[in-house]
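Visitor: Residues in the sequence shown are numbered consecutively from 85, following the numbering used here.
Every residue gets a Cβ at the ideal spot worked out from N, C-alpha and C, and that includes glycine.
Predicted model, so just to flag it, every value in this text is computed and none were measured.
Before we start, here is the structure in question, set down as structure tokens.
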Amino acid sequence: MTDPFLDSLATALAGQAATALGAAGKQALEKVRDLLRRRSQNDPETRVALEAAEEDSAGQPQVKALAERLDQVCAEDAEFAEELRTEGAKVHEEISASDNAVVNVNRGEVKNLIQARTIEGNITFN
85 MTDPFLDSLA TALAGQAATA LGAAGKQALE KVRDLLRRRS QNDPETRVAL
135 EAAEEDSAGQ PQVKALAERL DQVCAEDAEF AEELRTEGAK VHEEISASDN
185 AVVNVNRGEV KNLIQARTIE GNITFN
């Protein structure tokens with residue numbers, strides 16, 4: 085099973101999330117695509133997976149293969165993984181927030197945090 089973050093990037097790279105992305109998400113996606121193309125110059129497996137996912141006829145198998153390849157590359161190269169996560173954060177947030185979903189992004193220390201759709205009654209922090 086791949087990381088949901090990488091799944092969302094693979095889906096977007098395959099063009100299957102274009103309508104879910106706003107202007108900032110589309111700019112972020114182009115940065116991710118450029119990052120992967122630069123890496124692909126010396127990484128034929130990533131190039132093949134990216135090109136297959138970008139084909140007009142690409143479907144779920146190609147998206148899954150790209151997500152799995154990204155997962156492998158990130159496991160092997162921590163610096164690349166960090167750059168991919170930085171560049172792809174906006175893409176992931178926008179895709180995850182589609183279809184009436186909510187995305188909560190927290191950076192730093194958070195003492196108490198609740199994310200819920202509907203709360204009936206009280207919430208108490210002790």
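Output needed for ILE198: all residues of its chain with C-beta closer than 7 angstroms, excluding positions within five of it in sequence on either side, in chain order.
Guide: If we look at ILE198 and ignore the five residues flanking it on each side, its Cβ neighbours are ILE207.
Visitor: For LEU113, collect the residues of the same chain with a Cβ closer than 6 angstroms to its Cβ; drop the 5 residues on either side in sequence, then sort them by chain order.
Guide: Cβ neighbours of LEU113 beyond the five flanking positions: ALA96, VAL175.
Visitor: Does GLY205 pass the burial test, meaning 16 or more other C-beta atoms within 10 Å, or should it be called exposed?
Guide: Counting Cβ neighbours within 10 Å, GLY205 comes out exposed, since fewer than 16 surround it.
Visitor: Per DSSP, what kind of secondary structure is LYS115 in: helix, strand or coil?
Guide: Reduced to three states, the DSSP call for LYS115 is helix.
Visitor: To which residues of the same chain is VAL116 closer than 8 angstroms at the C-beta, ignoring the five residues directly before and after it?
Guide: So the qualifying residues of the chain are LEU93, ALA96, LEU97, LEU168, GLU171, GLY172, VAL175.
Visitor: Return the first residue and the last residue of the alpha helix (DSSP H) that VAL194 is part of.
Guide: That residue, VAL194, is in no alpha helix (DSSP H); it is neither H nor E in DSSP.
Visitor: To the nearest angstrom, how far is it from the Cα of PHE209 to the Cα of ALA200?
Guide: Answer to the nearest angstrom: the Cα atoms are 15 angstroms apart.
Visitor: Taking 8 angstroms as the limit between beta carbons, can you name the residues of its chain near ALA80, skipping five residues before and five after?
Guide: Not covered by the structure: residue 80. The range shown for the chain is 85 to 210.
Visitor: For PHE89 and ALA133, what's the separation of their Cα atoms in angstroms?
Guide: Those two C-alpha atoms are separated by around 17 angstroms.
Visitor: Buried or exposed for ILE179, please, with buried defined as at least 16 other CB atoms from any protein chain shown within 10 angstroms of its CB.
Guide: By the 10 Å Cβ count, ILE179 comes out buried.
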